[in-house]
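See structure below.
2 protein chains.
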Amino acid sequence: MSLVFLLALIHAVTSKHQSVGDPFVDPRSPCSQHGMFEDDVCRCDNCYVGATCETKSETCVVDASSGSPFFTDDYWISEVRNGNKDSTVTIAPYYHIGYGAFVGAGNCGGFAPVSGGCRNDLETEIRALHDAVGNFKHNGYTLVMGVGSTELIAASIYSLLDSSQNATVFSEEPYYNGHSGVAEFFGRNWAQSAEEAEANARTYGRNSTLEFVTSPSNPTGAMRTKQVASGTAVFDSAYFWPHFTPITADRKLSDHDVALFTLSKITGHASSRIGWAFVKNADMAARLSGYVGASGGLVRESQLRATTILASERRRGYPVLTFASERMASRWSALESVLGSSACYSLQPRGGRATDMWSGKTYAPSPAYAWIRCVSGNDCYQTMLSAGVRGRAGPKFGANKDHVRLELLMGEPDFQSMLDLLRKLQSKC
Amino acid sequence: MSLVFLLALIHAVTSKHQSVGDPFVDPRSPCSQHGMFEDDVCRCDNCYVGATCETKSETCVVDASSGSPFFTDDYWISEVRNGNKDSTVTIAPYYHIGYGAFVGAGNCGGFAPVSGGCRNDLETEIRALHDAVGNFKHNGYTLVMGVGSTELIAASIYSLLDSSQNATVFSEEPYYNGHSGVAEFFGRNWAQSAEEAEANARTYGRNSTLEFVTSPSNPTGAMRTKQVASGTAVFDSAYFWPHFTPITADRKLSDHDVALFTLSKITGHASSRIGWAFVKNADMAARLSGYVGASGGLVRESQLRATTILASERRRGYPVLTFASERMASRWSALESVLGSSACYSLQPRGGRATDMWSGKTYAPSPAYAWIRCVSGNDCYQTMLSAGVRGRAGPKFGANKDHVRLELLMGEPDFQSMLDLLRKLQSKC
Numbered sequence: 001m002s003l004v005f006l007l008a009l010i011h012a013v014t015s016k017h018q019s020v021g022d023p024f025v026d027p028r029s030p031c032s033q034h035g036m037f038e039d040d041v042c043r044c045d046n047c048y049v050g051a052t053c054e055t056k057s058e059t060c061v062v063d064a065s066s067g068s069p070f071f072t073d074d075y076w077i078s079e080v081r082n083g084n085k086d087s088t089v090t091i092a093p094y095y096h097i098g099y100g101a102f103v104g105a106g107n108c109g110g111f112a113p114v115s116g117g118c119r120n121d122l123e124t125e126i127r128a129l130h131d132a133v134g135n136f137k138h139n140g141y142t143l144v145m146g147v148g149s150t151e152l153i154a155a156s157i158y159s160l161l162d163s164s165q166n167a168t169v170f171s172e173e174p175y176y177n178g179h180s181g182v183a184e185f186f187g188r189n190w191a192q193s194a195e196e197a198e199a200n201a202r203t204y205g206r207n208s209t210l211e212f213v214t215s216p217s218n219p220t221g222a223m224r225t226k227q228v229a230s231g232t233a234v235f236d237s238a239y240f241w242p243h244f245t246p247i248t249a250d251r252k253l254s255d256h257d258v259a260l261f262t263l264s265k266i267t268g269h270a271s272s273r274i275g276w277a278f279v280k281n282a283d284m285a286a287r288l289s290g291y292v293g294a295s296g297g298l299v300r301e302s303q304l305r306a307t308t309i310l311a312s313e314r315r316r317g318y319p320v321l322t323f324a325s326e327r328m329a330s331r332w333s334a335l336e337s338v339l340g341s342s343a344c345y346s347l348q349p350r351g352g353r354a355t356d357m358w359s360g361k362t363y364a365p366s367p368a369y370a371w372i373r374c375v376s377g378n379d380c381y382q383t384m385l386s387a388g389v390r391g392r393a394g395p396k397f398g399a400n401k402d403h404v405r406l407e408l409l410m411g412e413p414d415f416q417s418m419l420d421l422l423r424k425l426q427s428k429c
Numbered sequence: 001m002s003l004v005f006l007l008a009l010i011h012a013v014t015s016k017h018q019s020v021g022d023p024f025v026d027p028r029s030p031c032s033q034h035g036m037f038e039d040d041v042c043r044c045d046n047c048y049v050g051a052t053c054e055t056k057s058e059t060c061v062v063d064a065s066s067g068s069p070f071f072t073d074d075y076w077i078s079e080v081r082n083g084n085k086d087s088t089v090t091i092a093p094y095y096h097i098g099y100g101a102f103v104g105a106g107n108c109g110g111f112a113p114v115s116g117g118c119r120n121d122l123e124t125e126i127r128a129l130h131d132a133v134g135n136f137k138h139n140g141y142t143l144v145m146g147v148g149s150t151e152l153i154a155a156s157i158y159s160l161l162d163s164s165q166n167a168t169v170f171s172e173e174p175y176y177n178g179h180s181g182v183a184e185f186f187g188r189n190w191a192q193s194a195e196e197a198e199a200n201a202r203t204y205g206r207n208s209t210l211e212f213v214t215s216p217s218n219p220t221g222a223m224r225t226k227q228v229a230s231g232t233a234v235f236d237s238a239y240f241w242p243h244f245t246p247i248t249a250d251r252k253l254s255d256h257d258v259a260l261f262t263l264s265k266i267t268g269h270a271s272s273r274i275g276w277a278f279v280k281n282a283d284m285a286a287r288l289s290g291y292v293g294a295s296g297g298l299v300r301e302s303q304l305r306a307t308t309i310l311a312s313e314r315r316r317g318y319p320v321l322t323f324a325s326e327r328m329a330s331r332w333s334a335l336e337s338v339l340g341s342s343a344c345y346s347l348q349p350r351g352g353r354a355t356d357m358w359s360g361k362t363y364a365p366s367p368a369y370a371w372i373r374c375v376s377g378n379d380c381y382q383t384m385l386s387a388g389v390r391g392r393a394g395p396k397f398g399a400n401k402d403h404v405r406l407e408l409l410m411g412e413p414d415f416q417s418m419l420d421l422l423r424k425l426q427s428k429c
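What follows is the structure in structure tokens.
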């Protein structure tokens, strides 16, 4: 531990009257305001290095390749600064020795969805959130929790499809590479077109063909519809929240379809790995939770934290959604002011303005990703990387090299750094 | 919430000067000392009911059917009562927004084992624990973390075996039903004998045949050796700790074998779902972590808690192991005083005394389960259930109905209740 780091830490601790177990009032203070202090180390913003993030890097590359939702960092810091303690969890070492992941479940235990009078506090909070936002009417649906929606993607691909050689997965291009990657992991076929998938489903039955309807789309943000009428559809609804698109109606499913959601793209708590599926068909729910159970089940601590945070938000009308909506809107304004009329770099269309049911406000979608086409037809990933912005290349989504995806979910300092780099790039257009 | 419950809670809170976020000094106090208070509800001991566990049940059945390690409850309560705060975790809402499960990993992120100078604090603590106990020499082994060792059992069965129709799993009888259950979930063959498994491995190659060597055995506690020389062996080492058996030598593996461990049977934190595999072969490690990644990866909060608890234990010489050893030894003394010379109910042999390397003490094994044979040849599960003790029936482990497994890992009040019921049963022998 360097001396400068130690001094910064001592300053941060003493100046805020930090006591053991209390969170830092300003976790960026020990890191020169250019990083977050956690686990006794500074996690620096892009372009800053050093033990206390004190040095600006000369060879700066902004990482816009993932979807890590640091954009809510500032909101949660302000919660602590404003003295709201009820979204902080303290876990004694004796807390819930033994099995059983569901908070409030008492002796009900087990991996399967809790029913029959047992409490599942996280499920209650999740359903309340959907009630408030209006994006899914969950009455009559079983909720199956997973280790992030990623596990429910895996569970769908493994357990909703039959085990024949004809088992096929499809998603409209450009598709989320998390769907194609897991399909490949489980050795499933990947259909090249909706027609091919539909033909497969008609020949081999509904359980032979699974379609991921990612709506809003990752990477484009466009709303999608089911393309394979005879197959099973999993509506990946990770981005179907007011900060990404105005919610004008609830998501409607056929009786054998599934809707997936994830906490990570709502509150930002991605490493808590809280995802859920709504399923009407009892056999399909059992298959999904069978996979989750066989793969080790669910984790108690993250569910306790998610429950605590969602309950705190519910009591105050979900201010995190207001924060996230304003932040995404301002990012799109800034991005369009730089690239909106560029002759070299074409942003995807955002979609029209509409009135969101939750906020009552009228606005255009502000997708989680910029899906950029290099008008030159050049390799757009390389073009951006040369400019200091690492995106995710078009071919990963089944698109051409002239496309690249840039995430817009990073922390605010990283977003501003990226914007500066894009401005420089555009100035040479 | 009933009035009596509210009053008990107010008493508990005010009498201990409870403040927001602090753990209860005595979490059994709001529950009439017959249960644990968590998530605003009492989880009652077996045989007690009511909102504050205030009523003894007339129709009492003790649940000895799982392996939920409540036997460490009292240790962790005493930690808090003794004022040791460094095994309590406080998690601010801004803690680690975004992906990345590994505590201390900084920007290293990802699901795969962290290397190349990145810190992984939990891995460091796990390796230190093995160094102290001496049960596994981990130099040269990759550590792959999973959602409990259960996920690594699933990962082994899915990803270490090839996908042919000949893929076969074997474990010596009586075997742990967690192994056979997951093999069935993934549609693998289950070999009926070591000879059958060995023949399969010789015909179709090492990747066709997976053996679980559960040592000490669940359910018997006996030490096991590899039976299928030509296959891949996964040594399920959940019970290879000083409180279950004196550790006289480290576990040795062939280069293509795997060792599994789990936090649940060490500290009792089962719902944290912290399991790990040691693997020498790089391709096998990649396959295991590939399954974990595809299934949603790992959870940050539970790893933070596990790291905190193991570090606190390490600094004081792992007193939880001393507590657990004394408790298991006293339970076996008590059990043998009731059933040790029974003409009706035969306990498994415990194995001989040996000197444990960690404690330097000499003692006989104290297995996690009693594996009981009803000498009459009757259905032993039903016999026990009629006496008020719900075990797990012999056939689940591939044994006959004359056997039943009773767990010895429950909370102390439940263990004493079970002992009373067994004493009554034996008195009628």
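Quick note, the sequences are listed as chains V and C, same order.
Everything in the first sequence is counted per UniProt numbering, starting at 1 for the first residue and increasing by one.
Everything in the second sequence is counted per UniProt numbering, starting at 1 for the first residue and increasing by one.
Idealized CB from N, CA, C, for every residue including glycine.
These numbers come from a predicted model, not from an experiment.
Residue i versus residue j - alpha carbon distance
{"i": "residue 438(C)", "j": "Leu-253(C)", "result": "Past the edges of chain C, shown from 1 to 429, lies residue 438(C), and the structure says nothing about it."}
{"i": "Leu-260(V)", "j": "Ser-87(V)", "result": "25 Å"}
{"i": "Leu-385(C)", "j": "Val-61(C)", "result": "8 Å"}
{"i": "Glu-326(V)", "j": "Tyr-48(V)", "result": "26 Å"}
{"i": "Ala-399(C)", "j": "Glu-173(C)", "result": "7 Å"}
{"i": "Val-133(V)", "j": "Glu-123(C)", "result": "41 Å"}
{"i": "Leu-161(V)", "j": "Ser-208(V)", "result": "6 Å"}
{"i": "Leu-335(V)", "j": "Arg-314(V)", "result": "32 Å"}
{"i": "Leu-263(V)", "j": "Pro-69(V)", "result": "10 Å"}
{"i": "Ala-393(C)", "j": "Arg-273(V)", "result": "35 Å"}
{"i": "Gly-231(C)", "j": "Ser-341(C)", "result": "41 Å"}
{"i": "Thr-55(C)", "j": "Gln-382(C)", "result": "27 Å"}
{"i": "Ala-238(C)", "j": "Phe-244(C)", "result": "10 Å"}
Neighbour flag for residue i against chain C, beta carbons, 8 Å
{"i": "Tyr-141(V)", "result": "no"}
{"i": "Tyr-175(V)", "result": "no"}
{"i": "Glu-151(V)", "result": "yes"}
{"i": "Asp-121(V)", "result": "yes"}
{"i": "Thr-90(V)", "result": "yes"}
{"i": "Tyr-345(V)", "result": "no"}
Reduced DSSP secondary structure (H/G/I, E/B, other) of residue i
{"i": "Glu-198(C)", "result": "helix"}
{"i": "Glu-151(C)", "result": "helix"}
{"i": "Ser-79(V)", "result": "For the sequence presented, residue 79(V) should be read as Glu rather than Ser. Residue state, collapsed to three classes: helix."}
{"i": "Met-36(V)", "result": "strand"}
{"i": "Arg-127(C)", "result": "helix"}
{"i": "Gly-146(V)", "result": "strand"}
{"i": "Ala-105(C)", "result": "coil"}
{"i": "Cys-380(V)", "result": "helix"}
{"i": "Cys-31(C)", "result": "helix"}
{"i": "Phe-170(C)", "result": "strand"}
{"i": "Asp-74(C)", "result": "helix"}
{"i": "Ile-372(V)", "result": "strand"}
{"i": "Asn-157(C)", "result": "The question names Asn, but residue 157(C) is Ile in the sequence shown. If DSSP states are grouped into helix, strand and coil, Ile-157(C) belongs with the helices."}
Beta carbon proximity, residue i to chain V, threshold 8 Å
{"i": "Thr-55(C)", "result": "no"}
{"i": "Ser-65(C)", "result": "no"}
{"i": "Ser-171(C)", "result": "no"}
{"i": "Val-182(C)", "result": "yes"}
{"i": "Ser-337(C)", "result": "no"}
{"i": "Glu-326(C)", "result": "no"}
{"i": "Asp-283(C)", "result": "no"}
{"i": "Asp-73(C)", "result": "yes"}
Beta strand (DSSP E) segments (min. 3 residues) lying fully within the segment 297-349 of chain C: With a minimum length of 3 residues, there is no unbroken run of beta strand (DSSP E) contained wholly in the segment 297-349 of chain C.
Runs of alpha helix (DSSP H) lying entirely within the segment 175-234 of chain V, each at least 4 residues, in chain order: Within the segment 175-234 of chain V, the complete alpha helix (DSSP H) segments of 4 residues or longer fall at 177-185, 194-204, listed in chain order.
Where the segment 24-40 of chain V meets chain C: residues whose CB sits under 9 Å from a CB there: Hits within the stretch, in order: Phe-24, Pro-27, Met-36, Glu-38, Asp-39, Asp-40.
Members of the segment 233-266 of chain V that neighbour chain C once the beta carbon cut-off is set at 7 Å: Taking a C-beta cut-off of 7 Å against chain C, none of the residues of the segment 233-266 of chain V qualify.
Short-range partners of chain V found in the segment 296-309 of chain C, where Cβ spacing is below 7 Å: Under the 7 Å Cβ criterion, the segment 296-309 of chain C contributes Gly-296, Gly-297, Val-299, Arg-300, Glu-301, Ser-302, Arg-305, Ile-309.
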